[in-house]
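In order, the protein sequence lines correspond to chains A and B.
Numbered continuously in UniProt numbering, the first sequence closes out at residue 323.
Numbered continuously in UniProt numbering, the second sequence closes out at residue 323.
Please read the structure below before turning to the comments.
2 protein chains.
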Amino acid sequence: MGVQAGLPKVVKRRVNALKNLQVKCAHIEAKFYEEVHELERKYAALYQPLFDKRSDIVKAAYEPTDEECEWKADEEEELTVSKQDEMKEKAKLEEEKKDEEKEDPKGIPEFWLTVFKNVDLLSDMLQEHDEPILKHLQDIKVKFSDPGQPMSFTLEFHFEPNDFFTNTVLTKTYKMRSEPDESDPFSFDGPEIMSCTGCTIDWTKGKNVTLKTIKKKQKHKGRGTVRTVTKTVPNDSFFNFFTPPEVPENGELDEDSEAVLAADFEIGHFIRERIVPRAVLYFTGEAIEDDDDDYDEEGEEADDEEGEEEADEENDADYDPKV
Amino acid sequence: MGVQAGLPKVVKRRVNALKNLQVKCAHIEAKFYEEVHELERKYAALYQPLFDKRSDIVKAAYEPTDEECEWKADEEEELTVSKQDEMKEKAKLEEEKKDEEKEDPKGIPEFWLTVFKNVDLLSDMLQEHDEPILKHLQDIKVKFSDPGQPMSFTLEFHFEPNDFFTNTVLTKTYKMRSEPDESDPFSFDGPEIMSCTGCTIDWTKGKNVTLKTIKKKQKHKGRGTVRTVTKTVPNDSFFNFFTPPEVPENGELDEDSEAVLAADFEIGHFIRERIVPRAVLYFTGEAIEDDDDDYDEEGEEADDEEGEEEADEENDADYDPKV
Numbered sequence: 001m002g003v004q005a006g007l008p009k010v011v012k013r014r015v016n017a018l019k020n021l022q023v024k025c026a027h028i029e030a031k032f033y034e035e036v037h038e039l040e041r042k043y044a045a046l047y048q049p050l051f052d053k054r055s056d057i058v059k060a061a062y063e064p065t066d067e068e069c070e071w072k073a074d075e076e077e078e079l080t081v082s083k084q085d086e087m088k089e090k091a092k093l094e095e096e097k098k099d100e101e102k103e104d105p106k107g108i109p110e111f112w113l114t115v116f117k118n119v120d121l122l123s124d125m126l127q128e129h130d131e132p133i134l135k136h137l138q139d140i141k142v143k144f145s146d147p148g149q150p151m152s153f154t155l156e157f158h159f160e161p162n163d164f165f166t167n168t169v170l171t172k173t174y175k176m177r178s179e180p181d182e183s184d185p186f187s188f189d190g191p192e193i194m195s196c197t198g199c200t201i202d203w204t205k206g207k208n209v210t211l212k213t214i215k216k217k218q219k220h221k222g223r224g225t226v227r228t229v230t231k232t233v234p235n236d237s238f239f240n241f242f243t244p245p246e247v248p249e250n251g252e253l254d255e256d257s258e259a260v261l262a263a264d265f266e267i268g269h270f271i272r273e274r275i276v277p278r279a280v281l282y283f284t285g286e287a288i289e290d291d292d293d294d295y296d297e298e299g300e301e302a303d304d305e306e307g308e309e310e311a312d313e314e315n316d317a318d319y320d321p322k323v
Numbered sequence: 001m002g003v004q005a006g007l008p009k010v011v012k013r014r015v016n017a018l019k020n021l022q023v024k025c026a027h028i029e030a031k032f033y034e035e036v037h038e039l040e041r042k043y044a045a046l047y048q049p050l051f052d053k054r055s056d057i058v059k060a061a062y063e064p065t066d067e068e069c070e071w072k073a074d075e076e077e078e079l080t081v082s083k084q085d086e087m088k089e090k091a092k093l094e095e096e097k098k099d100e101e102k103e104d105p106k107g108i109p110e111f112w113l114t115v116f117k118n119v120d121l122l123s124d125m126l127q128e129h130d131e132p133i134l135k136h137l138q139d140i141k142v143k144f145s146d147p148g149q150p151m152s153f154t155l156e157f158h159f160e161p162n163d164f165f166t167n168t169v170l171t172k173t174y175k176m177r178s179e180p181d182e183s184d185p186f187s188f189d190g191p192e193i194m195s196c197t198g199c200t201i202d203w204t205k206g207k208n209v210t211l212k213t214i215k216k217k218q219k220h221k222g223r224g225t226v227r228t229v230t231k232t233v234p235n236d237s238f239f240n241f242f243t244p245p246e247v248p249e250n251g252e253l254d255e256d257s258e259a260v261l262a263a264d265f266e267i268g269h270f271i272r273e274r275i276v277p278r279a280v281l282y283f284t285g286e287a288i289e290d291d292d293d294d295y296d297e298e299g300e301e302a303d304d305e306e307g308e309e310e311a312d313e314e315n316d317a318d319y320d321p322k323v
């Protein structure tokens, strides 16, 4: 409790007055966060047309113009190329173009699957059998709860028609705590994810990658004969993301489920705050190095320099600086 | 660069279109942060009366009423005390009260010094010779730049009259970058401290703790006689905080100064965001454990559970579950 244990009673009394002021601050702070959330809603509407255009380009619903595709880095690269290299490059491009004209990829194939594979937090969830499904993922949208509703956000995973399930959208909703807890007003530090719910996936028969069948041999205790039992058990899959552990009425979860939920909240937060707003930078990989900069040190450890003595060099040539 | 090296040209073209959309997003995001900053200004004005009251209580300019000093935890503690303990406690309190009446501490003595000592980031800066000075620190205020001005904030350290320097306020100003850099639009991630300036401390003669004199013995190279030279050199002190390293015109700092500045920015940010808003919780120590929760994992490392097979127990008693 710091160095103020055993304060005189008159001082302790005043400290309690400061704590009461602090509770008032916490309530004002809660209003601040509500207003920030309204700003986030307002700006979500401003970003949305750009994200919609992104989605149209990715799924080949829109072909961008040459002007829309101009990118400075490429131009700079062209300027530094010598004439000879320029001719080699041109010949190579014409070759590639012939090959590509046979392929003619539409939009940006496997855009979101590539984003997932590039980001450790997401690729950790990805199994091999998930990849063919995620090729059909066309967009991830963030939707906010309406004003006046309890604070929450929903991640919408939009899929093109596919062989695996009939849903066009899979959803994951995160509920947030947006006010201080009266019994613990000082633990509030801005809106925080408290729980989440998924959705039901209408799997096509035989395509449910979140289940697998295993065969177990069993020996009859009396007779000694062996039978083979086929069981359906859960299978690791990204798509378990849509059936997160439920928090029971008494509020207590086993340790494993707690860990799964904690990771889940982190992922939900990361997809909302980083992936959706900056998806192309995760596609190219540009954003990945930058994430080290996101490491915001709010804590108390700082490598503080001791500040060594800077003794001036004596310029008096007659004197030997060291005795 | 992720798994998309060697994209077909037609796809690369569309990726560039997405990058151009991303630049537009970055500019919208900059406006978002400007509006958040306006909200911060608005709320700073709402917190200020509470912080002013805190300051008045700390420096004994205001004595809070009994009602203002009621604090739930104390009440709860009283309820659980037995009659016998209650009488012992009462006798002890009367003893303490007699002692205290002789002392009669005003306000909350050494409030801010105690905050500094409780917080590693700040106590690392603190030297023994700084403590008598910091006993005179009565308040730390945060002031924001005006709308339309380049974004900055100033920390004002308010001191009561003392023997060490004549200033009533020492200031440290932090300048922020609030817009994307045109040459690197994707590195912008919200306002960031870019530089800082301190102030001149008008030290009373002989009281400047940022300097110390040392004696050096030197031997005359020719004659062999020894002389004693007295030099003034920098001394470690918290008060060096007000003379941070200057970034030279060519923008390059030596490694040591870069480290000092990086730590300085962290400290300035921490004082603004955590210490000033929640000072009493650092005084009592309550906020210190909580700071672990501030550890916001925006990065990509997650201990993802492998998700072990949950095989159901076979209930068929005839069969031995293990073969």
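Note that CB positions come from ideal geometry on N, CA and C, so glycine has one too.
This one's a predicted model, so the numbers in the text were calculated from it and none came from an experiment.
Once the 5 residues before and after residue i are set aside, which same chain residues still bring their CB inside 6 Å of it?
i, result
"lysine 175 (chain B)", "Ser152, Met194 and Ser195"
"glycine 2 (chain B)", "Annotation note: pLDDT 46 at glycine 2 (chain B) (below 50); position unreliable, coordinate value reported separately. Taken in chain order, the list of residues that qualify is empty."
"tryptophan 203 (chain B)", "Phe165"
"aspartate 139 (chain A)", "Ser55 and His158"
"arginine 177 (chain B)", "Glu192 and Met194"
"tyrosine 62 (chain A)", "Asp56"
"histidine 129 (chain B)", "Val209"
"serine 237 (chain B)", "Gln127, Asp130, Val209 and Thr210"
Just the Cα atoms here: how many angstroms apart are residue i and residue j?
i, j, result
"lysine 221 (chain B)", "asparagine 240 (chain B)", "37 Å"
"alanine 287 (chain A)", "glycine 198 (chain A)", "28 Å"
"glutamate 35 (chain B)", "aspartate 181 (chain B)", "19 Å"
"leucine 261 (chain A)", "proline 245 (chain A)", "7 Å"
"glutamate 258 (chain B)", "aspartate 256 (chain A)", "43 Å"
"arginine 13 (chain A)", "asparagine 208 (chain B)", "36 Å"
"lysine 92 (chain A)", "glycine 6 (chain B)", "13 Å"
"aspartate 66 (chain A)", "threonine 171 (chain A)", "35 Å"
"isoleucine 133 (chain A)", "glutamine 149 (chain A)", "34 Å"
"valine 142 (chain B)", "threonine 154 (chain B)", "6 Å"
"threonine 228 (chain A)", "threonine 213 (chain A)", "12 Å"
"lysine 42 (chain A)", "threonine 230 (chain A)", "53 Å"
"isoleucine 108 (chain A)", "lysine 53 (chain A)", "13 Å"
Using C-beta distances below 7 Å, list every residue in its chain close to residue i, excluding the 5 sequence neighbours before and after it, in chain order.
i, result
"glutamate 310 (chain B)", "Bear in mind that the predicted position of glutamate 310 (chain B) carries a pLDDT of just 41, short of 50, making it unreliable; the figure below should be weighed with that in mind. Result list for glutamate 310 (chain B): empty, nothing under 7 Å."
"residue 325 (chain B)", "Past the boundaries of the shown model lies residue 325 (chain B); chain B is included only from 1 to 323, so the question cannot be answered."
"proline 234 (chain B)", "Thr210 and Leu211"
"lysine 217 (chain B)", "Val226 and Thr228"
"threonine 232 (chain B)", "Leu211 and Thr213"
Identify, in the order they occur along the chain, each residue of the same chain with its Cβ nearer than 8 Å to the Cβ of residue i, setting aside the five sequence neighbours on each side.
i, result
"valine 169 (chain A)", "Glu156, Phe157, His158 and Phe159"
"histidine 266 (chain B)", "As written in the sequence, residue 266 (chain B) is glutamate, which differs from the histidine given in the question. Excluding residues within five positions, the ones whose Cβ falls inside 8 Å are Leu121."
"serine 183 (chain A)", "none"
"aspartate 163 (chain B)", "Thr204 and Lys207"
For residue i, would you say it is in contact with chain B, using Cβ-to-Cβ distances shorter than 8 Å as the test?
i, result
"leucine 134 (chain A)", "no"
"lysine 9 (chain A)", "yes"
"isoleucine 28 (chain A)", "yes"
"glycine 198 (chain A)", "no"
"alanine 91 (chain A)", "no"
"glycine 251 (chain A)", "no"
"asparagine 162 (chain A)", "no"
"phenylalanine 241 (chain A)", "no"
"lysine 17 (chain A)", "Just to set this straight, residue 17 (chain A) is alanine in the shown sequence, not lysine. Yes - at least one Cβ of chain B is within 8 Å of the one on alanine 17 (chain A)."
If we define contact as Cβ-Cβ less than 8 Å, is residue i a contact residue for chain A?
i, result
"isoleucine 193 (chain B)", "no"
"glutamine 22 (chain B)", "yes"
"glycine 206 (chain B)", "no"
"threonine 171 (chain B)", "no"
"isoleucine 140 (chain B)", "no"
"glutamate 103 (chain B)", "yes"
"arginine 41 (chain B)", "no"
"leucine 211 (chain B)", "no"
(message) Taking contact to mean 3 or more Cβ pairs, one atom from each stretch, closer than 8 Å, check whether the region 115 to 131 of chain A and the region 276 to 291 of chain A are in contact.
(response) yes
(request) Scan the region 208 to 243 of chain A and note each continuous alpha helix (DSSP H) run of 4 residues or more that stays entirely inside, going in chain order. (result) Fully enclosed alpha helix (DSSP H) runs of 4 or longer: not present.
(message) Check whether the region 255 to 274 of chain B and the region 227 to 244 of chain B touch, using three or more Cβ-Cβ pairs below 8 Å as the test.
(response) yes
(request) Starting from the N-terminal side, write out each stretch of the alpha helix (DSSP H) that is 4 residues or longer and does not extend beyond the region 114 to 196 of chain A. (result) 120 to 123 and 131 to 134
(request) Decide yes or no for the touch test of the region 54 to 72 of chain B against the region 13 to 30 of chain A: beta carbon pairs closer than 8 Å, at least 3 of them. (result) yes
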